[in-house]
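Asker:
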Amino acid sequence: MTCSTGPRIPSRPSLFWASALGGALWLFLGLAGGTALTGCSEFNRALKAPGDSAGMALKQRVARKYFDKRSYDRAIPLLEEMIMLKRGTSDFEEISYLHAKSHYLMKDYTMASYFLENYVRTFPAGQHAEECAFLDAICYNNNSPNYELDQTDTRTAIDRFQLFLVRFPNTSLRDSTNNMIDLLRSKLEVKAYHAAEQYFHMRQYQGASMAFKEFMRQYPNSDYREDAMLRILRADHALALNSIETKRADRIQEALRAYRNFADAYPASVERDQAERLRKDLEDELEKTTKTTPVP
């Protein structure tokens, strides 16, 4: 016979833990919310602080705190206000630097370049002058687009890097700067080559020949040099053979000069057979043109 010990109360651990976790969650959210509100109130208090010495000290301390925490979106409005109020004081240089650097670290390179350049112009011997001059050039470098697009920022970046080397000839960043200049020039080189190539694809052979010759003048040591010289030969060949009779002989001679330039520069070129075929076409056409041209 079993004795009853009274009504059995079922165990409900899931409800217990849910209640406990829920309490912890609310506690966490409360703390987080309190921290956020504290941060917001600190920012607002600094932003609304008067322009007296105590107010400016608060603004500067809070701005520096946000800068160090990488909260640049909070630091910038405080720094902007101090730039207007602190001009001519001993703190102005550091505030200008933090303001420019904040824009740079926010990756707002257009605004950053303006403020970085302004820092260097205002404080040419300043503590951060070398860094700001370098970052100014980096801003244009980072804004430099793909070679198909307008290359104004690319050219400006090259100019700024070169100016940086002139201003700071003993910089430890010389090698890095020269490497970036080389990369930027390579982009301009690729753009110039493809621009000349477009004339060729559109069968504007005179324009193609002129564009590739200009490319050779600007980039005499280019990796595309062999191909550019062959393109000049092909363009001059096509232009000569499609010329009116009065211009054909002179243009054939010009094309033959392009052949000789290519053959002399690249005697072992894999494209030598193509060049020889073009030469033979030109010589055959020159012979026919000479025979048919009336003697004056």
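Numbering (the numbering used here), first residue to last: 685 to 980.
Using N, Cα and C, we set each Cβ at its ideal position, and we do this for glycine too.
Since the model is a prediction, treat every value here as computed from it, not as a measurement.
What is the residue span of the alpha helix (DSSP H) that residue 832 lies within?
Answerer: Start at 1 with the first residue of the sequence shown, and residue 832 comes out as number 148. Run containing residue 832: none; DSSP gives neither H nor E here.
Asker: Short of 7 Å in beta carbon distance, which residues of its chain neighbour residue 851, apart from the five on each side in sequence? Order them along the chain.
Answerer: What you label residue 851 is simply residue 167 of the sequence shown in a count that begins at 1. Counting only Cβ-Cβ distances below 7 Å, and skipping sequence neighbours, we find 817.
Asker: In three-state DSSP terms, what is residue 739?
Answerer: As a working note, residue 739 is residue 55 in the sequence shown. The answer is helix: DSSP assigns residue 739 an H, G or I state.
Asker: Quick check: the Cα distance between residue 879 and residue 886, rounded to an integer number of angstroms?
Answerer: Numbered from its first residue, the sequence shown carries residue 879 at position 195. Numbered from its first residue, the sequence shown carries residue 886 at position 202. Residue 879 and residue 886: Cα-Cα distance of roughly 11 Å.
Asker: Does any CB atom of chain B fall closer than 8 Å to the CB of residue 972?
Answerer: Considering every chain present, this structure includes no chain B. It has just one protein chain.
Asker: Which of the three DSSP states is assigned to residue 716 in this structure?
Answerer: On the sequence shown, position 32 is the one that residue 716 refers to. Below a pLDDT of 50, predicted positions are generally treated as unreliable, and residue 716, at 46, falls in that range; no measurement from the model is reported.
Asker: Are the stretch 795 to 813 and the stretch 828 to 835 touching, with three or more C-beta to C-beta distances below 8 Å?
Answerer: With a cut-off of 8 Å, the stretch 828 to 835 and the stretch 795 to 813 do not count as touching, because too few Cβ pairs lie within range.
Asker: Would you call the stretch 885 to 901 in contact with the stretch 854 to 866, where contact means no fewer than 3 C-beta pairs closer than 8 Å?
Answerer: Because the criterion of three Cβ pairs below 8 Å is not met, the stretch 885 to 901 and the stretch 854 to 866 do not touch.
Asker: Ignoring anything shorter than 3 residues, give me the beta strand (DSSP E) runs that lie fully in the stretch 774 to 837, in order along the chain.
Answerer: Here no run is fully enclosed.
Asker: Check whether the stretch 922 to 939 touches the stretch 901 to 913, taking contact to mean three or more Cβ pairs, one atom from each stretch, closer than 8 Å.
Answerer: With the cut-off at 8 Å, the stretch 922 to 939 and the stretch 901 to 913 do not touch.
Asker: Assuming residue 783 and residue 799 are in contact, meaning their beta carbons sit under 8 Å apart, how far apart are those beta carbons, in whole angstroms?
Answerer: As a working note, residue 783 is residue 99 in the sequence shown. As a working note, residue 799 is residue 115 in the sequence shown. Contact flag correct, Cβ pair sits at about 6 Å.
Asker: Going by alpha carbons, who is nearest to residue 845 out of 856, 853, 837, 821?
Answerer: If you number the sequence shown from 1, residue 845 lands on position 161. Ranking 856, 853, 837, 821 by Cα distance to residue 845 puts 821 first.
Asker: Are residue 725 and residue 751 touching if we call contact CB-CB under 8 Å?
Answerer: On the sequence shown, residue 725 is found 41 positions in, with the first residue counted as 1. On the sequence shown, residue 751 is found 67 positions in, with the first residue counted as 1. No, these two residues do not count as a Cβ contact at 8 Å.
Asker: With 16 as the cutoff for other CB atoms within 10 Å, does residue 737 come out buried or exposed?
Answerer: Residue 737 sits at position 53 when you count from the first residue of the sequence shown. Residue 737 comes out exposed.
Asker: Looking at C-alpha atoms only, which residue of 908, 973, 777, 769 is the closest neighbour of residue 809?
Answerer: The sequence position of residue 809 within the sequence shown is 125, counting from 1. For the residues 908, 973, 777, 769, the minimum Cα distance to residue 809 belongs to 777.
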